[in-house]
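Protein chains in written order, with the working numbering: chain A, 138 to 247; chain B, 138 to 247; chain C, 31 to 183; chain D, 31 to 183. Glycine is no exception: its CB is placed at the ideal position from the N, C-alpha and C atoms.
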Amino acid sequence: MRIQTEIIGDVLLARIEGELDLSTAALFRETIDRRLAEGARHLVLNLAGLTFIDSSGLGAILGRYRRVSERGGKMVAADVPAPIMRLLSLSGLQRVLLTFAAEAEALQHI
Amino acid sequence: MRIQTEIIGDVLLARIEGELDLSTAALFRETIDRRLAEGARHLVLNLAGLTFIDSSGLGAILGRYRRVSERGGKMVAADVPAPIMRLLSLSGLQRVLLTFAAEAEALQHI
Amino acid sequence: MDAERIIVEFPSRPENLALARVIATAFATRLDFTVAETEEISVAVSEAVSNAIIHGYREGPGIVRMELAVVDGVLEILVIDHGCGIPDVDRARQPAYTTSEDRMGLGFVFMESFMDELEVDSAPGKGTPIVMRKRPEREGGERAATGQSLPDR
Amino acid sequence: MDAERIIVEFPSRPENLALARVIATAFATRLDFTVAETEEISVAVSEAVSNAIIHGYREGPGIVRMELAVVDGVLEILVIDHGCGIPDVDRARQPAYTTSEDRMGLGFVFMESFMDELEVDSAPGKGTPIVMRKRPEREGGERAATGQSLPDR
Ligand SMILES: Nc1ncnc2c1ncn2[C@@H]1O[C@H](COP(=O)(O)OP(=O)(O)O)[C@@H](O)[C@H]1O
Ligand SMILES: Nc1ncnc2c1ncn2[C@@H]1O[C@H](COP(=O)(O)OP(=O)(O)O)[C@@H](O)[C@H]1O
Chain A
138 MRIQTEIIGD
148 VLLARIEGEL
158 DLSTAALFRE
168 TIDRRLAEGA
178 RHLVLNLAGL
188 TFIDSSGLGA
198 ILGRYRRVSE
208 RGGKMVAADV
218 PAPIMRLLSL
228 SGLQRVLLTF
238 AAEAEALQHI
Chain B
138 MRIQTEIIGD
148 VLLARIEGEL
158 DLSTAALFRE
168 TIDRRLAEGA
178 RHLVLNLAGL
188 TFIDSSGLGA
198 ILGRYRRVSE
208 RGGKMVAADV
218 PAPIMRLLSL
228 SGLQRVLLTF
238 AAEAEALQHI
Chain C
31 MDAERIIVEF
41 PSRPENLALA
51 RVIATAFATR
61 LDFTVAETEE
71 ISVAVSEAVS
81 NAIIHGYREG
91 PGIVRMELAV
101 VDGVLEILVI
111 DHGCGIPDVD
121 RARQPAYTTS
131 EDRMGLGFVF
141 MESFMDELEV
151 DSAPGKGTPI
161 VMRKRPEREG
171 GERAATGQSL
181 PDR
Chain D
31 MDAERIIVEF
41 PSRPENLALA
51 RVIATAFATR
61 LDFTVAETEE
71 ISVAVSEAVS
81 NAIIHGYREG
91 PGIVRMELAV
101 VDGVLEILVI
111 DHGCGIPDVD
121 RARQPAYTTS
131 EDRMGLGFVF
141 MESFMDELEV
151 DSAPGKGTPI
161 VMRKRPEREG
171 GERAATGQSL
181 PDR
């Protein structure tokens, strides 16, 4: 997994590439939490490059959602590949996490 | 491995895709020999789609070279990917088997 | 060992998850699975192996064994740990049931949804062997593996 | 079994060659090999496993074992058969030496050219365990595996 982050105003934009599982969940969590702590309130996850996710990865995303929500921020996802979307939906995560076709749309929503 | 064959006059043109090793050498050998037996004298191997070869695959190519030569035909290869070319050269096969950048050139040579 | 059985043993570490998935999906190309089915196999294996690592061996040392076979046209995947075992398997298989605070209890749910059969034969002290089976549906869909020959022209 | 050792056992059949290569190259991504080096590893594994199948077990039944490890930054691959064994290893390793009419005697040549070290410890009746080692050169070249993180912007 590779993770690229960018802070735009009070929004953290994170682009995730590769596989999000038990072996990469900690890097995902730590990178996002560290950048959020730098002052971002909201989180946009661009998942265009995500090639694999399982329940450990979904749990790490849910964990970020809870953290952002607790602090009164919004979290959304953008550009979710179809197989990943299917798992978001099966896991129930899709019910709480809004998804947008494009990153720009997601940023605009916040 | 996938093998696509075409007879043009007295030339058999065979395009090989995938991996040529011990598990596919027999299919390669049998397909080529069957088509040669239908009356083709010469053989052009288009290797553009070949993704892997080892000494079993090189042996199968050398076997076709010997067979074609014994019957007074010519055999050449075309569009050989760089990693495959390296193995042709290490194996010494390159010394007997002429290689051409493009299929058309190879066909013209014969 | 039967003619088609492949055995893999690896240390119980998250770094080995990706390799377990690669091996299972590469093996699965022996059957006519679609790309979507292959992704399902990959998730199911990831869940089973993650469970062995997190729950079975409690993130400590141990060996995870994976066996792959094709039996009567059906893909059979065994994932075995010799870890702590599950006291109540029926309960563990309930959706959302988990013994870890930060997990979602979705592992068995995904294994059940993505494979045709799931058998879990665990007991405390005995470790946890699980068997998953999946048959290719062949109802259209992009092929995951390419075939062996093309028609002559 | 050490922390990083992966063990694979499979029936001695040509159908399993591609899987052995996939496993070895997927494992090799743990080190910083270039694409070209990864292709070399793939050929070396193919030669070792083909030899076990053709020569070791004479195309009959048997189990081939492959072990993969990273030892001090070096990739170590063992390929072991419990087949007929080699009476004269030095002779077998000579370029162009082969006991099969239709083969080229290039297997050991490729293993030696493509790996940094090759040890063959065979004897008749004992089977043939071979060890191959390769260290990433890191002298430029396209990376085979992608890294773990990108700098923040
Ligand atoms: N291999 C195993 N060894 C021991 N316990 C296990 C194993 N697999 C699953 N379990 C138990 O079953 C529960 C449910 O598993 P699962 O549905 O995969 O959800 P999760 O992994 O999110 O907890 C786990 O929380 C654990 O208590
Ligand atoms: N695993 C093995 N078991 C028994 N004999 C072997 C084994 N590997 C190699 N040999 C012997 O060594 C010879 C040379 O091997 P190699 O260089 O790979 O060439 P080739 O496979 O083309 O014969 C083989 O012909 C065979 O006699």
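Apart from the 5 residues on each side of it in sequence, serine 152 of chain C sits with its Cβ closer than 6 Å to the Cβ of Gly115, Ile116, Val119 and Thr158 in its chain, given in chain order. The three-state secondary structure of phenylalanine 140 of chain C, taken from DSSP, is helix. Residue-level contact by beta carbon fails for glutamate 167 of chain C and chain D, as no gap is shorter than 8 Å.
Taking C-alpha positions only, asparagine 183 of chain A is separated from valine 94 of chain C by approximately 34 Å. Nearest CB-CB separation between glutamate 39 of chain D and chain C: below the 8 Å threshold. With contacts defined as CB atoms closer than 8 Å, histidine 179 of chain A and leucine 225 of chain A fail to qualify as a contacting pair. For arginine 133 of chain D and glutamate 147 of chain D, the gap between their C-alpha atoms comes out near 23 Å. For phenylalanine 57 of chain D, the uninterrupted alpha helix (DSSP H) run begins and ends at 47-58, by DSSP. Beta-carbon to beta-carbon, valine 109 of chain C and glutamate 34 of chain C are separated by about 17 Å, too far to satisfy the 8 Å threshold. For histidine 85 of chain C, there is no enclosing beta strand (DSSP E), since its DSSP letter is neither H nor E. For proline 220 of chain A, the closest Cβ of chain C is nearer than 8 Å. Here glutamine 124 of chain C carries a coil assignment [DSSP, helix/strand/coil]. For the options B/Arg172, B/Val205 and B/Ala185, the alpha carbon positioned closest to that of alanine 239 of chain B is the one of B/Ala185. Proximity of chain B to glutamate 77 of chain D at the Cβ level (cut-off 7 Å) is accounted for by Asp191 and Ser192, in chain order. Relative to leucine 199 of chain B, the option among D/Leu136, D/Leu98, D/Ala56 and D/Lys164 whose CA is nearest is D/Leu136.
Within chain A, the residues whose beta carbon sits less than 7 Å from that of glutamate 69 of chain C are Pro220, listed in sequence order. Relative to the Cα of glutamate 106 of chain D, the nearest Cα in the group D/Ala82, D/Ser42 and D/Thr59 belongs to D/Thr59. Put simply, the backbone Cα of glycine 229 of chain A is about 53 Å away from that of glutamate 167 of chain B. At least one CB atom of chain D sits nearer than 8 Å to the CB of isoleucine 36 of chain C. Contacts with chain A (Cβ-Cβ distance below 7 Å) from the stretch 131-157 of chain C involve Asp132, Arg133, Met134, Leu136, Gly137, Phe140 and Ser143, listed in chain order.
For chain C, the residues of the stretch 153-173 of chain A that bring a beta carbon within less than 9 Å of one of its beta carbons are Glu156, Asp158, Leu159, Ser160, Thr161, Ala162 and Ala163, in chain order. Chain order gives the chain D residues near leucine 227 of chain B as Ser143, where near means a beta carbon separation below 7 Å. Within the same chain, and ignoring the five residues on either side of glutamine 231 of chain A in sequence, the residues whose Cβ sits closer than 7 Å to its Cβ are Leu225. Only Pro44, Glu45, Asn46, Leu47, Ala48 and Arg51 from the stretch 44-56 of chain C bring a Cβ to less than 9 Å from some Cβ of chain A. Judged by beta-carbon spacing, alanine 243 of chain A lies within the 8 Å limit of valine 181 of chain A, meaning their Cβ atoms are closer than that value.
At a cut-off of 8 Å between beta carbons, valine 109 of chain C makes no contact with chain A. Counting along the chain, arginine 152 of chain B sits inside the beta strand (DSSP E) bounded by residues 148-157.
Pairing leucine 187 of chain B with isoleucine 144 of chain B gives a Cβ-Cβ distance that is not under 8 Å. Distance from the CA of methionine 162 of chain C to the CA of glycine 210 of chain A, rounded to the nearest whole angstrom, comes to 41 Å. A straight line joining the alpha-carbon of glutamate 67 of chain D with that of valine 73 of chain D spans about 10 Å. Residue contact check for leucine 199 of chain A against chain C: a CB pair falls below 8 Å.
Annotation: asparagine 46 of chain D to threonine 161 of chain B spans about 12 Å, alpha carbon to alpha carbon. Relative to glutamine 124 of chain D, the option among D/His112, D/Met141, D/Asp111 and D/Glu39 whose CA is nearest is D/Met141. Residues of chain C with a Cβ closer than 7 Å to the Cβ of glycine 196 of chain A are, in chain order, Asp132, Arg133 and Met134. By the criterion of a C-beta distance shorter than 6 Å, leucine 61 of chain C is surrounded in its chain by Leu105 and Pro166, once the five residues flanking it on both sides are discounted.
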